[in-house]
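Below: one structure, written as structure tokens.
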Amino acid sequence: PVMEETIVETPEERMAKQHRKEKKDLQAKIQSMKNAVPKNDKKRRKQLTEEIAKLEADLSQKHEAELRQLKSTNDTKVKACQMINEYHGQPRVTKAQKRRVSYRIPLK
């Protein structure tokens, strides 16, 4: 039997994948918009260039905002874990550690 690997994506990887897809889609949209405007129409070409710059700026702004939000949620998770660890204090004593201690101190 062939074992199937289950690939677990982190939220960062998922977001990066989504951003790449959105960027690719935007490039395709820009190409189709450029093809729709005739080369000799300078006025519409200029409008198109401005619109493309705006679309690209909006997308990059959106991606930066999403990354900041993801980073802030990750930071709060890390802080919560640190607080939990501090609350619990010392690490658990395993059975093996207990056994080692009991061998060093023979019972009377």
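Add 40 to a position in the sequence shown, counting from 1, and you land on the number used in this note's numbering.
Built from N, CA and C at the ideal position, the CB exists for glycine as well.
C-beta atoms of residue i and residue j nearer than 7 Å
i	j	result
residue 77	residue 88	yes
residue 153	residue 55	Only positions 41 to 148 of the chain appear in this structure, which leaves residue 153 out of reach.
Any chain B beta carbon closer than 7 Å to residue i
i	result
residue 135	The structure shown contains no chain B; it is built from a single protein chain.
Residue range of the alpha helix (DSSP H) that includes residue i
i	result
residue 81	Run containing residue 81: none; DSSP gives neither H nor E here.
residue 49	Element bounds for residue 49: n/a, residue is neither H nor E.
Cβ shell of residue i (< 8 Å), same chain only, five flanking positions each side left out
i	result
residue 85	77, 79
residue 91	73
Close Cβ partners of residue i (< 7 Å) along its chain, the five nearest in sequence each way excluded
i	result
residue 51	110
Neighbourhood of residue i by C-beta distance below 6 Å, restricted to the same chain and skipping five residues each side
i	result
residue 59	103
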